[in-house]
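A.B. asks:
In our numbering, the protein residues as written are 3 to 350.
1. Assuming residue 94 and residue 55 form a contact by the criterion Cβ under 8 Å, report the distance between their Cβ atoms to the nearest whole angstrom.
2. Could you tell me the boundaries of the alpha helix (DSSP H) in which residue 196 lies?
3. Does any residue of chain D have a CB that is nearer than 7 Å to the CB of residue 31?
4. For residue 274, which of helix, strand or coil comes out of DSSP?
5. From residue 202 to residue 219, what does the alpha carbon distance come to, in whole angstroms?
6. Where residue 351 and residue 102 are concerned, what is the direct C-alpha to C-alpha distance, given to the nearest angstrom?
7. When you compare each of 260, 72, 216, 19 to residue 52 by their alpha carbons, which one comes out closest?
8. Taking only runs of the beta strand (DSSP E) that begin and end inside the region 201-269, which ones reach a length of at least 3 residues, in chain order?
9. Scan the region 66-97 and note each continuous alpha helix (DSSP H) run of 4 residues or more that stays entirely inside, going in chain order.
10. Is it right to say residue 49 is buried, meaning 16 or more other beta carbons lie within 10 angstroms of its own, or is it exposed?
11. Can you give the Cα-Cα distance for residue 248 and residue 292, rounded to whole angstroms?
12. Between residue 164 and residue 278, is the Cβ-Cβ spacing less than 7 Å?
13. Can you give the Cα-Cα distance for residue 283 and residue 157, rounded to whole angstroms?
14. So does residue 67 have its beta carbon nearer than 6 Å to some heavy atom of the ligand GDP?
15. If you draw a straight line from the C-alpha of residue 60 to the C-alpha of residue 42, how long is it?
16. Only counting the same chain, and skipping five residues up and downstream in sequence, which positions put a Cβ closer than 7 Å to that of residue 207?
17. Please classify residue 128 as buried or exposed, where buried requires at least 16 other C-beta atoms within 10 Å of its C-beta.
18. Tell me whether the beta-carbon of residue 151 lies closer than 7 Å to the beta-carbon of residue 289.
19. Quick check on the burial criterion: 16 or more other C-beta atoms within 10 angstroms. Buried or exposed for residue 2?
20. Is the region 122-137 close to the region 81-100, with three or more CB pairs under 8 Å?
21. Determine the direct distance from the alpha carbon of residue 77 to that of residue 187, and round the result to whole angstroms.
22. Could you check if residue 70 is buried or exposed, using at least 16 other CB atoms within 10 Å of its CB as the buried criterion?
23. Residue 106 by DSSP, collapsed to three states: which one?
24. Note down, one range per segment and in chain order, each alpha helix (DSSP H) of at least 4 residues found wholly within the region 286-324.
25. Rounded to whole angstroms, what's the CA-CA distance from residue 24 to residue 33? Just pull it up for me.
26. Roughly how many angstroms lie between the CA atoms of residue 327 and residue 7, to the nearest whole one?
27. Given this structure, state the Cα-to-Cα distance separating residue 36 from residue 222, to the nearest angstrom.
28. Looking only at C-alpha atoms, which of 242, 295, 262 sits nearest to residue 251?
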């Protein structure tokens, strides 16, 4: 991922954080300054949004209703009880926001909100600016594992065929397909052939690609630079797209971007999500395929072929191999079928 893209993302999320902070109590700024060196900017933005939701809920409660959010103090924070936190988690299961839009949060989203509250309270508790830490006494919502949705090998082949041919697209989509076919095929091939994250993909610059070694550089979630290697299929797709890309005069500020939109700007995460859905619904309408599901497909296939969970973790950029083991090793249907054949109940 190029520095320009990473820098623009940092600026964009920092601007969003500052806007949300204007809606929060003044002491909230201390927390965000305190965690700045230890967290990603996107994580801090998620914290800010969660805290805004919490404080909006808090001032609806009788004991806090005499104050606006910005008037709340650390003494008010100290008056929050475990029951208040538990009631908040129940509230966010379903509520309407300021625009009367329905908001629904499942167990994972509720667990994240509790984690935000724990981090927020922990900061001020360790600084001895509050005496109580009720979120630490609230149990995390139970999170039930979901089966990983991924493409089977035949579906992968049919997906790439659909991208290449455009068969199954509407007449309007086919008109755009003529202009984006090479780009779309390169994007889908990279997802399926390297397991790259969508944020990493949209940030690739042309100079990041090294065709002599079949590799390219990316910036991982934590900001570290890494090198991913691609195979012959991805090489062919990328070279084919590069022939077109080098003929395009990108808009100012987007000259280095590898993947461009039809507006000649760096393609966005939303645009990539939309194009993946557009092709996937042709091949497997019953599955909700996203870029992350393509990453899961790659991880599952790599584990299936190698049986090396550490290799899968390394290639996918997982810091903790247990994350990889949980998501890939446990869902290997091949291993389960093998296990069913190995155990004999009676001799033949």
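We put the beta carbon where it would ideally sit given N, CA and C, even for glycine. Since we're looking at a predicted model, the values are computed, not measured.
C.D. replies: According to the structure data:
1. At roughly 7 Å, the Cβ-Cβ gap stays under 8 Å, so residue 94 and residue 55 are in contact.
2. Looking at the DSSP string, the run of the alpha helix (DSSP H) that includes residue 196 is 173-196.
3. Reference to chain D is not applicable here, since this structure consists of a single protein chain.
4. Of the three classes helix, strand and coil, the one that applies to residue 274 here is helix, per DSSP.
5. If you draw a straight line from the Cα of residue 202 to the Cα of residue 219, it comes to about 9 Å.
6. The requested residue 351 does not occur in the structure, where the chain is confined to residues 3 to 350.
7. Residue 19 is the option with its Cα nearest to residue 52.
8. List check, beta strand (DSSP E) in window: 217-221, 227-231.
9. The qualifying runs are 76-80, 84-93.
10. Residue 49 is buried by the Cβ-count criterion.
11. If you take the alpha carbons of residue 248 and residue 292, they lie about 28 Å apart.
12. Contact: no.
13. One alpha carbon belongs to residue 283, the other to residue 157, and they sit about 11 Å apart.
14. This structure lacks the ligand GDP; in fact it carries no ligand of any kind.
15. Using only the alpha carbons, I get a separation of about 27 Å.
16. Excluding residues up to 5 positions away in sequence, 4, 258, 259, 260 lie with their Cβ nearer than 7 Å to the Cβ of residue 207 in the same chain.
17. Exposed.
18. Using a Cβ distance threshold of 7 Å, residue 151 and residue 289 count as a contacting pair.
19. Any answer about residue 2 is impossible in this case: the structure gives the chain only from 3 up to 350.
20. Verdict: yes, contact present.
21. Distance between the alpha carbons of residue 187 and residue 77: 57 Å.
22. Exposed, because fewer than 16 other Cβ atoms sit within 10 Å of the Cβ of residue 70.
23. In the three-state reduction of the DSSP assignment, residue 106 falls in the strand class, which pools E and B.
24. Those alpha helix (DSSP H) runs which fall completely within the region 286-324 and span 4+ residues are 293-308, 311-318.
25. Rounded to the nearest whole angstrom, the C-alpha separation of residue 24 and residue 33 is 14 Å.
26. In a straight line, the C-alpha of residue 327 is about 31 Å away from that of residue 7.
27. Cα to Cα, residue 36 sits roughly 23 Å from residue 222.
28. Nearest of 242, 295, 262 to residue 251, Cα basis: 262.
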